[in-house]
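If you read the sequence shown in my numbering, its first letter stands for residue 35, the second for the next number, and so on. Where is the CB? At the ideal position from N, CA and C, for every residue including glycine. In what follows, a structure is listed as structure tokens, so that the remarks can point back to it.
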Amino acid sequence: MNSYLRLLSYIKPYKLRLISAILCMIIAAGCNLYLPWIIKDMIDDVLLNKDMETMKWICIGVVVVFLIRGVFYFGQTYLVSYVGQRVIVDVRSQLFKKFQRVSPAYYDKHQTGAIMSYVTNDVGAMQAAVIDNLVDLITEASILVGSIGMMIYLNWQLTLIIMVVVPMVSFAMKKFGRKQKSTGTVIQERISDVTSRLQESVSAARVVKSFVREEYEIKRFDEVNYLSFRANMKNVQVSSFMNPTVETLAAMAVAGLLWVGGYMVTSDVITAGELVAFLTYGVNLANPVKRLSRVYGNIQKAMASADRVFGVLDMDEGLYNKENAVVMPPIKGKVEIKDVTFSYTEGEPALEHLNITAEPGQMIALVGPSGSGKSTIANLLPRFYDVDSGAILIDGMDVRDVTMASLREQIGIVPQETMLFSTTVMENIRYGRLEATDEEVIAAAKAANADEFIQDLPDKYNTELGERGLNLSGGQRQRMAIARAILKNPAILILDEATSALDTESEKIVQEALDKLMVGRTSFVIAHRLSTIFNADQIFVVEDGRLKEHGTHDELLARGGLYKTLYDIQFRQGEGA
Ligand SMILES: Nc1ncnc2c1ncn2[C@@H]1O[C@H](COP(=O)(O)OP(=O)(O)OP(=O)(O)O)[C@@H](O)[C@H]1O
Ligand SMILES: [Mg+2]
């Protein structure tokens, strides 16, 4: 109920349209109610009294009533759909906003497919509840109330007979409704599983093919697909049981009516026309009751989706700006990592008591075995995660005391994996600074040594990149990322294996670009290939999240520790090659 009220609260901005829609519905429903009245006049006046004048008017009346009904039916459908679609668009847009705001930690823990499922399937289910069911709810409710009103007007004693089954029907509906909500939850979870598995195996298509795991994937998909079928059938069981139950109750009421009504006509308490009209209303009643019970079930099912969607909207975003957070002034570039301990999952620290100080403009190299925590350090500087203890200071300010936007605007990252968007090369680079002119974009591409390969693309800078930019090579993608960073012109630069996908030849070219880019900025360079960091101002060697050694290339070599070992391995490999 709470979720439904909350969903309805989204309608507020479109109140006027909804009120007009409801008026249309009531008028259209009122037209429906007129029909049994016509039958009564037809029997009592025309057929029994042979009054042809009345018949003429009845015929005209039928056409006019249906014309009016048609006009208002159009109004009702159009307006309700308008309101419903707007509500859904608003909910979807809020969900998207939420997904933009949540911290990266959320994406570590949730499957992409499940997130897609919220925005598509769950919102879709809510759409059904808002639009179709709202129309049914109001139309059928007004027919129900109107019919009962007419029946009371015709004969209240007979109406009482019908009223006997009302509590039974509402009891049954409540029971079924609760069941439908719980089966609805399961249905949405199963669909989310299907979406997740689909998304996973589509994005891992190459891996699947290289291991020839198509059959295996098909089997895995069919498993969740079948579970989804089962969940749906469970729901069908409930809902298809509900209709006959309600109908049987209705039939009992009609039987009672026939019995008592027939007796009343033969003893001249009511006319034959009145009984027929009454019965028509009575039979008509079955429709709204049936539909309302279905609507009720659908709404319960949709509320399971609404609960999930509102759950997402209400969830903790993980990272917030402090209430008194200030805008980060232009960064000069001093970075201090002070006694930082951090873990992605509790009890498994990725970094422990780490200390690193970088002076403005320095080039800092982070070296260490795979999984030692280098990328984690890079994640903490733009505050993608909050430290567990210790602090990260930039120009002496704790990153938690400034707004995330003003901090991240001034930090450029060339990540291990480059994400490209499905738009043109030009727009992809412009992502670094949206207001950059075409000339500035091209200049950045030239500085990143990307211009050359872009000139070879079919439409040059206007070439559309495929989904995830799959039609560029790893090295080309990295140069795109570097061009983005150049365009952003950040005070602090983070290069996480920025040249790892390049061959030695292109690496030299890109390294030149990077060297130029690093001038005058504090840079953190993560590199497996030590040759790229020989001239770093300070090299920090991490292992298992702890600082092992620290110094310049020469100092570390002289020390003969882990750095020397790593160096020797690579140097010998180099010689061997
Ligand atoms: N998003 C995450 N969620 C949970 N654990 C993570 C996450 N990212 C990294 N880790 C863990 O934290 C540790 C440090 O990982 P990190 O990515 O910082 O290593 P790295 O030094 O960059 O390694 P590589 O050289 O292979 O890139 C690893 O044990 C890793 O499993
Ligand atoms: Mg890494």
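Excluding the five sequence neighbours on either side, which residues of its own chain have a C-beta within less than 7 Å of the C-beta of residue i, listed in chain order?
i, result
"G594", "none"
"Y152", "L129, R342, V343 and V346"
"G500", "S456"
"C58", "F106, G109, Q110 and L113"
"V136", "E351 and G352"
"L28", "Nothing can be reported for residue 28: it is not among the residues displayed for the chain, which extend from 35 to 611."
Might you give, ordered along the chain, the residues of its own chain that have their beta carbon closer than 8 Å to the beta carbon of residue i, omitting 5 neighbours on each side?
i, result
"V157", "I122, V125, R126, L129, S339 and V343"
"I437", "Per the sequence shown, the amino acid found at residue 437 is Thr instead of Ile. Counting only Cβ-Cβ distances below 8 Å, and skipping sequence neighbours, we find N355, A359, V360, V361 and M362."
"M202", "L283"
"Q233", "Q145, T146, G147 and M150"
"N321", "E174 and I177"
Quick one: using the 10 Å Cβ neighbour count with 16 as the cut-off for buried, is residue i buried or exposed?
i, result
"D170", "buried"
"E249", "exposed"
"Y597", "buried"
"G554", "exposed"
"A517", "buried"
"D227", "buried"
"Q191", "exposed"
"K84", "exposed"
"Y187", "exposed"
"I53", "exposed"
"I567", "buried"
"D550", "The residue you asked about is not Asp; residue 550 is Lys in the sequence shown. K550 is exposed by the Cβ-count criterion."
"I252", "exposed"
"S181", "buried"
"V236", "exposed"
"R240", "exposed"
Taking the Cβ atom as the reference point for each residue, do residue i and residue j lie within a distance shorter than 9 Å?
i, j, result
"E531", "Q450", "yes"
"Y349", "S557", "Strictly speaking, residue 349 in this sequence is Met, with Tyr absent from that position. Contact: no."
"S423", "V374", "yes"
"I520", "A561", "no"
"A311", "M184", "yes"
"I177", "N318", "yes"
"A425", "I573", "no"
"R417", "L353", "yes"
"Q214", "S273", "yes"
"I445", "I526", "yes"
"L591", "V401", "no"
Suppose you measure from the CA of residue i to the CA of residue j; what does that come to, to the nearest Å?
i, j, result
"V361", "I428", "13 Å"
"K90", "G316", "27 Å"
"M150", "A63", "39 Å"
"A336", "G118", "14 Å"
"Q334", "K324", "16 Å"
"Q110", "N167", "13 Å"
"F210", "Q271", "10 Å"
"V448", "E589", "28 Å"
"A479", "D493", "15 Å"
"V98", "V179", "23 Å"
"A515", "P524", "13 Å"
"R467", "V258", "43 Å"
"R224", "L261", "7 Å"
"F245", "Q604", "31 Å"
"S406", "R212", "51 Å"
"G610", "L441", "Since pLDDT at G610 reaches only 41, below the 50 mark, its modelled position is unreliable, and the value read off the structure follows with that caveat. Each residue's alpha carbon lies about 45 Å from the other."
"S115", "I45", "12 Å"
"I304", "M298", "6 Å"
"I73", "L42", "39 Å"
"H387", "P394", "23 Å"
"P70", "V294", "19 Å"
"L564", "L529", "14 Å"
"A484", "K372", "37 Å"
"E583", "E577", "9 Å"
"L193", "R254", "Strictly speaking, residue 193 in this sequence is Thr, with Leu absent from that position. About 57 Å."
Per DSSP, residue i is paired with what?
i, result
"K372", "A425"
"E583", "V575"
"T471", "Looking at the DSSP assignment, T471 forms no beta bridge with any residue, so it has no partner."
"T88", "Its beta-bridge partners do not exist; DSSP assigns none."
"G446", "L527"
"M207", "Per DSSP, none; premise fails for M207."
"M397", "S557"
"A570", "Per DSSP, none; premise fails for A570."
"I390", "I371"
For residue i, which residues of its own chain have a beta-carbon under 6 Å away from its beta-carbon, when the five flanking residues on both sides are left out?
i, result
"V199", "L283 and A287"
"T279", "A206"
"R103", "A62 and C65"
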